[in-house]
Structure formats: structure tokens, C-alpha cells
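Scroll down for the structure; my scribbles are underneath it.
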Amino acid sequence: MRTSWADLATNSAPENAGASNTTAPLRPVYVPPHLRNRGASASASTESSSAPRPLNVSTDNNARSRWGAPRNGWGNRSGGWDRREVNPFGDQEDAAEEGAAAFGEEQGNTGINFDAYEDIPVETSGENVPPPVNTFAEIDLGEALNQNIRRCKYVKPTPVQRHGIPISLGGRDLMACAQTGSGKTAAFCFPIISGIMRSQGQPLQRPPRGVRTVYPLALVLSPTRELSVQIHEEARKFSYQTGVRVVVAYGGAPINQQLRELERGVDILVATPGRLVDLLERARVSLQMIKYLALDEADRMLDMGFEPQIRKIVEQMDMPPPGARQTMLFSATFPKEIQSLASDFLSNYVFLAVGRVGSITDLIVQRVEYVQESDKRSHLMDLLHAQRENGVQGKQALTLVFVETKKGADALEHWLCRNSFPATTIHGDRTQQERELALRSFKTGNTPILVATDVAARGLDIPHVAHVVNFELPNDIDDYVHRIGRTGRAGKKGLATAFFNDNNASLARPLADLMQEANQEVPEWLSRYAARSTFGGGRNRRNGGSRFGGRDFRREGSFSRGGSDYYSTGKNSGGYGTSGGYGGGYGPGVTSAWD
DNA sequence: AAAAAAC
């Protein structure tokens, strides 16, 4: 096992004081940006790679000095690998993957139907709602951030950005009903980054905590590890050369490396709830400096049983209360559980609901085929063979196959491999390493078939997925929407094939409705199935298609609806398919603006 | 019913 200064710094706290050769009280406390504002004081050192150095001596004059320079007489503990800030745009292998389309050959944004943006229904409510903007230029985000926006090739803000960013920049709390793929990440990242940059120079209340505790200024919670990783990658692009540091922490991965990253400084912490609770209990992270809190996919997190952890993090640790921080709550839907979360976590919030952008586009051709359980494998094989013959198989044509169970995923993967279709799988029984390897291998086209459970259904942005196969359909139409949303991205066309049989009876109606609304060809047999289906009601039923995930319940004092699931309560107007042009809303160059 | 998530 390798022993480095970083390890020493990580594993031994008290002797840090001894290691210091300054008189400053050596607080292994992260120095927030506003203490780093006045150019680095002398911080160069003679670099000796292995020997422990004084903690407050930085080794890199450039990027590093933004982070490590001691200020106001108390040092930081920036031991360890003094890496320069890696250019998240320059990383050809990984970071470039999702940005690749944006930075590659496809220059110019021809074919983007910006007008489609205007068709997307948006609803806001609350007191004194800050007005939306139409361009990024209208928002004063600062030059560094603007440059990153240009690097990302974001041309025009998406609806959730147009409305949400001014709200957040205006200092207001935000309850946003928006789907994955609506541009949420940028919507909450831009105000956070901009706010942190702005706060530089403010007086610091010195955190009175003990050793090795870090004090992020912003916290972003998300339900799955991969989603956290993805948000982190996005946020790093947005914060490149802004002096704002983003760190991600999630379970299943060695904690020491994450601790080391944290100790190098953290302004924005992106985390899954479990690992964060762990870090909080170890007192390695304190939330008392939190100025911004963003909860992504909140309904998902509640579905997954995270409410206790989330309430613990937000209410029972040392996070400043609502009003003393700025909170952004994102959720695809607005059931009463989320409403109560909103009223507990938010202060005089603005409610924002954005139509189901990006989820269903006419770029996705949806097919449903009646396949008995026993025929599914051979049927899948037929599809894959056909794809291969058409020369679609390969790096540019990835196939994502969804199944319901982890076991089923393993079994199918195994079977595919045995039949000479290189496949891998991602699900919760695999180690995090395996999961990330699988994702990478899929993205690069090494194994162009990925068998997945719903862990991969939401939020993940995998470019070049040409075909989503619902080998087993989900019970919830929303999950279906999210699954097929893994294709038809980046302005490319996508195909979604579903294997339907009697086991999916409860989905017949909502699926038929959904497809109809999306101007898809609904097979005759499915319509008949839907018509005689007794399972049409309940949660899966879309009430003619909700344009929003929810509505600001505060406006409707008389709201009673049986007090039940406030699920899809849009008006009886067309939902998904309304414009049919959502897909056109983003083109090759601006794809990830929607994620 | 299954999936996800800390050690």
C-alpha cells in the first residue's frame, strides 16, 4: 500500500499541527473561496515529492494557488496531490464523451428548432416571481461562467433554465417540477457557481469545527451514484476556471479517495444520501456553511426510501434552516410527500412547472410488440441480428435493454454473450466498480449492448444509444418514459421497442395513450387491449396527459382531491406530444443543455 | 414486486 503525504494527511489529524511550520493555528478546515480572493500569497515551495510538507504550502503557482493559499493567518490543509485543475473539456477519453458531439465535427447548430422551446408549457407561481430571460447573455453570470457556457455550446437556455436561473439568482427558493433532460443540472449549477463566485470577499465566519472537517457551500443530492457522477462531471465543466471546486461523494467506492478530494477543498458537494450521512457522522463534512441546497429527482429519492436520510441531512445536522440558505427542489412530480418536503425545506418559494420536455420526442420511434415470455430471448436475438445486418451495430449504435430484476439482467447478459453478442450489465448487485466499468465499456462501444435495471432508467446521458429495448416493461408509465428517453438524444433519432404480453396488462392503457399523444403508431391489438383493460385507472392513468408533473398546490386552497396522490393533474390537454417538436429543441451542438 | 442506497 502506498503511503503518501496525502494519506498521512488523511489518516492522521492531530500531528498536522506539528507538521506545520507556521504560527497560524492550523485548522484543517477548508478555506472557502471568499478567503481565497486576494491573489495567492507566497505559496511556492520546493517540491519534494515524498516528504511531508507544511500543510499550508502549496506547490503549484497556477491553479493550485486559488485553492491553497493561506489567508488571514490561518492555513488550509492542502496536502497531497497537487494536481492542477483538469480541463474537463479537454479530457478526450471521458469528459469528452458526453461533450463529444458538442465539440466534435458537428459545428454549427443548424437544424435546431429553437421555436420549439416556446411551445413547451411553463407555469410559475409565487410572490414576485422574477421574470424569465431569453438568453444566457441577459443573465449576469460572470465572464468565467459565460465562457464555460460557450465551451458547452449552449446556445439558448432551456425553459427550466430561462425561468429557474433568474429565480435562483434573485435569491428565491425554488420548487421545480421538471423532468430529467430538461436542463436541470445547469439550472441549479449556474446560480450556485455564480453565487459562490460573487460571495468571494465576504467576511468569513470561521467555522468552529474540529479537525479535517470540510465545509462545502453548496450541496447537491441525487438518488443514484451514476447520476451523482454525471452531475459532478457537468458541474466541473460549468465551474472550470471559476475557482469553484466541485467534489462528488457516493457509496460503493473507496471512501479514502473521496476524503482526499474533499480535503483538497470543496465548494459544491454532489452526493448520494447514504454516503453523505456517513461523512456527516464521521464529522468529515459539516453543512453549517451551506448556502445552497439542491435536491435532484426528489420524488425518485422518496420512492427509494431516502426520506429519513434526507430529513436527517437537511433538518437534523448542522445545515442552516430555510431562509438562511437557498434551496432548490427538483421533482418530476408533485405528490403530497414532495409538497410536504417543499413546505419543510423551502422558504417562500417560487413554484415552477415545465412541460415534459425531452422525455418524449418525435425523434423516438416507439414500437410495441406482443411477445410471450418464452419467446423474448429469440425475439431479441432477431432484433439484434437485424440490427447487425443493417450495419447499425457498433460504436454508433448502442442498444440498451431494460429488464425488471437484477437476476434477470445477469441471466440475459450471460445468454447474449454466449450467443456472440457482446453485452454487459448494470444493476444494484454489481459493485460500483463493475457498474462504472460497464457504463464505460458500453459508452465506448466495446460492449454495444447494455442490460440494465431501472438504475439506469433516469437521468443518465449516454450518447449514441440508438435502440432501447424494454425486454420487460416497467409497471409505471413514468419509468417507461424515462427509459426510452435514453435514446433520441443529441438530436439523433432513436428507436424504442417494447415487448408486451399479458403480464403488462396494467400498462396497456397508459402506454397506448402515451403513444397516441406522441403521434406514434399504436398497434391495433394494443388499442383493443387498452380498451378492455380494467387497469386503466389509478396512478398510471394520465388524465389525458399531464403537461406538468404537478401544480402549485398553494394556489388552490380548496385543493382536496381526496387528499391522495397529487400525481398527474394537468388539464385535459395533450401532454407529451403537444409540440412533437421537443426533440427539435436541441440539436447536435447543444444536447447537454438539456441535462 | 423490484430496484436503489453506507460501512
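So for the first sequence, the UniProt record's numbering puts the first residue at 1; every next one is plus one.
Don't be surprised by glycine CBs; every beta carbon is placed ideally from N, CA and C.
Counterpart residues of residue i in DSSP-defined beta bridges
i, result
"methionine 175", "Leu329 and Phe351"
"threonine 425", "Val451"
"leucine 383", "In DSSP, leucine 383 forms no bridge with anything."
"histidine 467", "Thr399 and Leu495"
"phenylalanine 306", "Paired residue(s): none; phenylalanine 306 is not in a bridge."
"glutamine 366", "Ala496"
"valine 246", "Ile268"
"alanine 298", "None, per the DSSP bridge assignment."
"leucine 219", "Leu269 and Leu293"
"valine 371", "Looking at the DSSP assignment, valine 371 forms no beta bridge with any residue, so it has no partner."
"arginine 322", "The question names arginine, but residue 322 is proline in the sequence shown. Beta-bridge pairing links proline 322 to Arg325."
"valine 285", "Val214"
Three-state class that DSSP yields for residue i in the structure shown
i, result
"glutamine 147", "helix"
"glycine 494", "strand"
"arginine 458", "coil"
"residue 636", "The requested residue 636 does not occur in the structure, where the chain is confined to residues 1 to 595."
"serine 420", "coil"
"serine 125", "strand"
"proline 510", "helix"
"proline 159", "helix"
"proline 191", "helix"
"proline 523", "coil"
"valine 481", "helix"
"valine 133", "coil"
"proline 166", "helix"
"valine 314", "helix"
"valine 229", "helix"
"valine 277", "helix"
"proline 25", "Interpretation of proline 25 is limited by its pLDDT of 32, a score under 50 that renders its predicted location unreliable; the figure taken from the coordinates is listed afterwards. Three-state result, proline 25: coil."
"tyrosine 240", "coil"
Same chain only: Cβ atoms within 7 angstroms of residue i, ignoring 5 sequence neighbours per side
i, result
"isoleucine 193", "Leu145, Phe238, Ser239, Thr242 and Val244"
"glutamate 127", "Asn348"
"lysine 376", "Phe471 and Phe499"
"alanine 187", "Val160, Gln161, Gly164 and Ile165"
Euclidean distance between Cα positions of residue i and residue j
i, j, result
"arginine 539", "glutamate 337", "Bear in mind that the predicted position of arginine 539 carries a pLDDT of just 44, short of 50, making it unreliable; the figure below should be weighed with that in mind. So the alpha carbons of these two residues sit roughly 15 angstroms apart."
"valine 365", "asparagine 256", "45 angstroms"
"glutamate 373", "arginine 458", "25 angstroms"
"proline 131", "isoleucine 167", "8 angstroms"
"aspartate 299", "alanine 452", "21 angstroms"
"lysine 184", "valine 160", "7 angstroms"
"residue 637", "leucine 346", "With the chain covering only 1 through 595, there is no way to say anything about residue 637."
"alanine 353", "cysteine 177", "5 angstroms"
"glutamine 339", "leucine 511", "27 angstroms"
"glutamate 404", "valine 155", "38 angstroms"
"aspartate 513", "alanine 397", "28 angstroms"
"cysteine 417", "tyrosine 292", "46 angstroms"
"lysine 493", "valine 465", "9 angstroms"
"proline 254", "tyrosine 370", "44 angstroms"
"asparagine 503", "glutamine 200", "58 angstroms"
"proline 474", "tyrosine 480", "6 angstroms"
"arginine 367", "valine 522", "8 angstroms"
"glutamate 85", "valine 246", "11 angstroms"
"serine 286", "proline 191", "22 angstroms"
"cysteine 189", "leucine 169", "11 angstroms"
Heavy atom of the ligand GTP within 7 angstroms of residue i beta-carbon
i, result
"arginine 162", "In terms of ligand content, the structure shown is empty, and the ligand GTP therefore cannot be addressed."
Contacts around residue i, its chain only, beta-carbon distance under 6 angstroms, and the 5 residues preceding and following it disregarded
i, result
"valine 469", "Val401 and Thr497"
"threonine 399", "Ile449 and His467"
"leucine 384", "Phe421"
"phenylalanine 306", "Pro273"
"proline 88", "Ala95, Arg236, Lys237 and Tyr240"
Contacts around residue i, its chain only, beta-carbon distance under 8 angstroms, and the 5 residues preceding and following it disregarded
i, result
"alanine 438", "Thr424, Thr425, Ile426, Arg430, Thr447 and Leu450"
"arginine 325", "Ile290, Lys291, Tyr292, Leu293 and Met319"
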